[in-house]
Amino acid sequence: MKRFIMIAICLLPLACLSGEWIEDPSAVPLLHDDGQSAERYRILADINGDGIMDMALSCSISLFGNAGGHFTVYIQNEDGRFRRLGEFFGHPMALALERVGEKVRLWTYVRGGGWLGKIGYHEVTEEGLSGYHGVVIHPGDSGTKMGNAIYGAVMTNSDLPIMVERSQTADGKVEWTNPHRVAGD
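End of the sequence shown sits at 897 in our numbering; the numbers just go up one at a time, nothing left out.
Right under this line is the structure:
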């Protein structure tokens, strides 16, 4: 029940922002139901391929499992304001972006347990993220050659760079630390 409440707290304010241009949502602390600050991940990338840096913010890291957690995608306009585009489930270290003509695909790998997982993508459109298009693969040390090849081909060939940071919140002030490039040049 506590996990459900935390997910609801994490997603409720985000649901209210759909279509509205807002100030940087990553500057606002994420709070647990007990009023304490929750830490999260921030993904920085040109998610919609328009040349402007966008972001995805996770729910509380405490809700993450081996497969990852929920993220909300925000696109940025030229004025530095953000608009909620949609949500996806993924791990911050297993992401890639691919240009396909005028479109961008947000690829994720979600570990299912052991050497099994699902790799797939959401197409990024002006209206939001498409449904998830994925396939089960078997990568890893005990996986198959094909599973490893698919994972490697997708995750090591991102067309757009992706940077991941982790929040540290103290006295109501959010700082982003530990920048990690996970994809792209």
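Backbone N, C-alpha and C fix where the C-beta goes; we use that ideal spot for every residue, glycine too.
{"Check": "Threshold first: 4 residues or longer. Then list the alpha helix (DSSP H) segments lying entirely within the stretch 821-884, N to C.", "Outcome": "857-867"}
{"Check": "Near P873, which residues of its chain fall below 7 angstroms by C-beta distance, leaving aside the five closest residues on each side in sequence?", "Outcome": "A757, R893, A895, G896, D897"}
{"Check": "I need the DSSP call for A808, collapsed to helix, strand or coil.", "Outcome": "strand"}
{"Check": "Check each candidate in E887, G826, E877 and name the one with the smallest Cα separation from P851.", "Outcome": "G826"}
{"Check": "Quick check: what's the CA-CA separation for D766 versus F794?", "Outcome": "8 angstroms"}
{"Check": "Thinking D871 and R811 are a contact (beta carbons under 8 angstroms), I'd like their distance in whole angstroms, please.", "Outcome": "5 angstroms"}
{"Check": "In this structure, does DSSP put P741 in helix, strand or coil?", "Outcome": "coil"}
{"Check": "Find out if the Cβ-Cβ distance for the pair R752, S879 is shorter than 8 angstroms.", "Outcome": "yes"}
{"Check": "Considering only the alpha carbon of each residue, which of I764, G884, L841 lies closest to D791?", "Outcome": "I764"}
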